[in-house]
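To convert, take the position in the sequence shown, counting from 1, and add 2; that gives my numbering. We put the CB at the ideal spot given by N, CA and C, even for glycine. Treat the numbers as computed from the prediction; the structure is a model and nothing was measured.
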Amino acid sequence: MSKHNSERECRKLTAEFFQGKITRRRFIHQSAKLGLSAALLSRLASVSYSASGNLMDSSPLAPNESPVTKEREEYLKSQPYKDITINVMALRSAVGDCLEYHAPRWEEQTGAHVNVTKIPIDTLHQQIFADLTTGAGQYDAYQTAAWFYGDFFTANEPYIVEVAPFLEDPKYPYWDPDDFLPAMKRLYTWQDKLYGVLFDADAQILYYRKDIFENARYQDKFKSQLGYDLPNPPKNMKEMHDLASFFTGWDWNGDGKDDWGIALHAKVNEQGFFHFLTLAAPYVVSPNNKYFYFNPDDMKPLINSEGHLRALEDYVKFLACGPKEQINWTLPEGWALFLTGRAVMEATWGDLPTLAQDRAHSSVQGRVGAAIIPGTTEAFNPITGAWEKYPNNVVGNTNGGSWHCVISRESKKKEATYDFLAFMANKKNAFFNSTNGWTGVQPGMKYEYFPPIGTGSIVEWENQGWDTADATAYLEAYYKNLILPQQQLYLRIPGAAEYWHELDARLSSVLAGQTSPKAALDDIFQAWEQITDRYGRESQKKLYAESHVGTDNRTP
3 MSKHNSEREC RKLTAEFFQG KITRRRFIHQ SAKLGLSAAL LSRLASVSYS
53 ASGNLMDSSP LAPNESPVTK EREEYLKSQP YKDITINVMA LRSAVGDCLE
103 YHAPRWEEQT GAHVNVTKIP IDTLHQQIFA DLTTGAGQYD AYQTAAWFYG
153 DFFTANEPYI VEVAPFLEDP KYPYWDPDDF LPAMKRLYTW QDKLYGVLFD
203 ADAQILYYRK DIFENARYQD KFKSQLGYDL PNPPKNMKEM HDLASFFTGW
253 DWNGDGKDDW GIALHAKVNE QGFFHFLTLA APYVVSPNNK YFYFNPDDMK
303 PLINSEGHLR ALEDYVKFLA CGPKEQINWT LPEGWALFLT GRAVMEATWG
353 DLPTLAQDRA HSSVQGRVGA AIIPGTTEAF NPITGAWEKY PNNVVGNTNG
403 GSWHCVISRE SKKKEATYDF LAFMANKKNA FFNSTNGWTG VQPGMKYEYF
453 PPIGTGSIVE WENQGWDTAD ATAYLEAYYK NLILPQQQLY LRIPGAAEYW
503 HELDARLSSV LAGQTSPKAA LDDIFQAWEQ ITDRYGRESQ KKLYAESHVG
553 TDNRTP
């Protein structure tokens with residue numbers, strides 16, 4: 003290869019590296035194959051590649067940001083936050099670890115320091131609002147769940163600040179909220195104002211072992227026992243239940259042990275209640291009813307409707323298709339059953355297919371199928387009190403925390419705090435987060451998806467260690483879930499954490515066999531009534547109604 007061609011090829015590689023399209027390891031490996039010297043690599047790596055406008059693909063002063071503005075490059079020359087310490091309260095989990103991972107890189111660029119305090123999920127809400135409501139102001143930012151949002155706006159002045167003024171200043175790390183998928187952007191806003199800075203983008207879909215579903219012997223066995231072709235993947239809840247039952251109690255993975263039809267996790271205060279909400283949605287939400295939690299006319303809970311009851315009764319049936327210990331499992335324990343090849347299905351977050359790419363802890367890379375949550379052929383309309391038949395009623399969701407940071411109004415270091423949060427939201431870092439399983443982060447930006455949805459490429463995902471088929475199936479199903487016409491809209495009104503805690507605790511009692519489904523749902527109804535009265539029925543009704551307005555999730 004000529005010297006000219008070598009430089010051209012290496013410049014191409016370097017551009018891809020700075021744009022976050024290939025890893026450093028792949029960059030060095032491919033460059034070495036070109037026979038380039040360390041000196042030449044060093045010279046090429048120092049070049050800034052121009053992007054449109056005032057954006058550059060890279061800067062030596064901001065090696066962990068791409069793209070970066072020219073104003074940002076100038077700003078960093080002064081070490082703008084030298085000796086400043088910002089305090090962040092984060093969740094003690096993968097998303098908190100991810101936040102902590104980025105801190106040293108930002109500190110190196112800016113001269114500042116990030117002090118991260120990680121709090122267990124069962125006390126996170128309490129500690130956030132203790133800091134805010136007492137005026138203690140110990141923390142500059144909080145890593146919040148989207149369901150905490152309503153509580154940030156219960157005072158005369160919001161407890162958190164808008165990020166729009168920061169977005170207008172090009173000296174901060176570059177990220178563009180217009181890159182959000184609409185369904186996800188909504189979880190970062192309140193009354194059309196943006197308060198959150200990009201981090202996580204949760205939703206739940208169904209993951210399954212496509213190699214097992216495609217096994218001809220298992221297909222024949224299924225048809226012999228059930229009388230119809232093995233559904234690959236299941237389209238409705240009956241098919242999902244049939245598959246879960248069929249694959250339970252025999253050795254379909256060939257390791258000499260009996261295997262399972264489904265993996266769940268249901269420990270209280272570990273977000274297990276989201277699995278019920280996700281699977282219950284098509285029993286209640288339909289083309290004729292978008293309300294799942296409350297009647298918008300009077301804020302009476304809908305949770306003990308006939309649709310919710312049937313959903314819970316069917317949910318309980320899944321218990322027999324997994325280990326009995328799963329009612330006390332945390333998320334990682336539930337995922338492990340699938341990742342080690344012993345469960346054929348799991349309805350959960352995008353952590354699962356992402357973690358599946360890590361062969362050190364997964365035996366299923368390249369064998370993970372993905373689909374929207376199966377639907378129902380009959381849904382109960384709790385507003386009219388009638389069951390309605392459908393060919394297949396499917397419902398999308400954004401269930402989960404969609405964990406991200408907001409800035410306290412009490413912070414005396416808002417500029418430095420935003421700078422750190424925006425650094426993590428920069429495309430290079432955001433893409434890294436969403437493609438690496440240990441971060442707990444899922445994709446919410448258009449540039450992470452393949453055309454025609456977005457501008458991402460399969461090569462970018464492959465360079466992060468992904469199997470091509472796994473990445474394609476995951477992103478296609480994840481996006482399809484987010485744009486379904488019927489959506490189970492997210493509960494973000496004040497007190498959402500309390501509503502969901504009551505649901506979580508009583509679901510656990512049902513799964514443990516201590517309470518009947520009907521009694522538990524009736525108890526939740528009463529508990530929710532008390533919460534609504536405490537916060538004010540009329541104000542809750544107004545906010546709940548407003549949360550269901552303007553919910554088109556299609557990507558522009």
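Where the beta strand (DSSP E) through residue i begins and ends
i	result
P284	Note, P284: premise wrong, no beta strand (DSSP E); alpha helix (DSSP H) at 275-286.
M91	87-93
T119	115-121
Y392	388-395
M426	Taken as a continuous stretch (DSSP letters only), M426 belongs to no beta strand (DSSP E), being part of the alpha helix (DSSP H) at 416-427.
T534	No beta strand (DSSP E) holds T534; the alpha helix (DSSP H) holding it covers 519-537.
Q145	143-146
E464	Premise fails: E464 lies in the alpha helix (DSSP H), 460-464, not in any beta strand (DSSP E).
Same chain, Cβ closer than 8 angstroms to residue i, neighbours up to 5 away in sequence not counted
i	result
T71	N56, L57, M58, P172, K173, Y176
V574	Residue 574 is absent from the model: the chain starts at 3 and stops at 558.
With 16 other Cβ atoms within 10 Å as the buried cut-off, status of residue i
i	result
H550	exposed
I130	buried
P235	buried
P487	exposed
P167	exposed
A480	Per the sequence presented here, residue 480 reads as Tyr, with Ala not at that position. Under this definition Y480 is a buried residue.
W351	buried
Q542	buried
S404	buried
R219	exposed
D260	exposed
Y210	buried
Local conformation of residue i per DSSP, three classes
i	result
L208	strand
H550	coil
G309	helix
R45	Residue confidence for R45 is low, a pLDDT of 33 falling below 50, so the modelled location carries little weight; the figure read from the coordinates is stated next. Three-state DSSP puts R45 in a helix.
H406	strand
A185	helix
M301	coil
Y317	helix
I162	strand
T112	helix
E348	strand
F201	coil
G336	helix
Q489	strand
G446	coil
V366	coil
T342	coil
F294	coil
K259	coil
F382	strand
Delimiting residues of the alpha helix (DSSP H) encompassing residue i
i	result
Y476	470-485
G377	Where G377 is concerned, there is no enclosing alpha helix (DSSP H), given that its DSSP letter is neither H nor E.
M242	239-248
V270	Element bounds for V270: n/a, residue is neither H nor E.
P233	No alpha helix (DSSP H) contains P233, which DSSP labels as neither H nor E.
T356	353-357
W502	498-513
Q221	218-228
R74	72-78
Close-in-space but distant-in-sequence residues of the same chain around residue i (CB under 7 angstroms, 5 per side omitted)
i	result
G439	D353, T356, L357, Q359, D360
D469	Q359, Q367, G368
T280	Q206, A349, I375, N399, N401
F155	W192
I264	A246, F320, C323, G324, A345, M347, E348
I214	Y220, W254, V346
Same chain, Cβ closer than 6 angstroms to residue i, five either side skipped, listed in chain order
i	result
V49	Since pLDDT at V49 reaches only 31, below the 50 mark, its modelled position is unreliable, and the value read off the structure follows with that caveat. Cβ neighbours of V49 beyond the five flanking positions: none.
G458	Y449, E450, Y451, F452
Y476	P355, A372
E504	I526, A529
S510	V270
I305	L523, I526, F527
Supposed contact pair residue j and residue i - C-beta distance, whole angstroms, cut 8 angstroms
i	j	result
V499	F150	Residue identity check: residue 499 is Ala in the sequence provided, not Val. Yes, A499 and F150 are in contact; Cβ-Cβ is about 6 angstroms, under 8 angstroms.
Y501	L493	7 angstroms
T394	N290	Strictly speaking, residue 394 in this sequence is Asn, with Thr absent from that position. The Cβ separation is near 15 angstroms, so there is no contact.
A148	P445	The Cβ separation is near 16 angstroms, so there is no contact.
L93	L126	6 angstroms
G336	L266	6 angstroms
N420	V165	It should be noted that the sequence gives Tyr, not Asn, for residue 420. Sure, about 7 angstroms apart at Cβ, within 8 angstroms.
CB contact below 8 angstroms: residue i versus chain C
i	result
K429	Note that chain C does not occur in the displayed structure, where there is just one protein chain.
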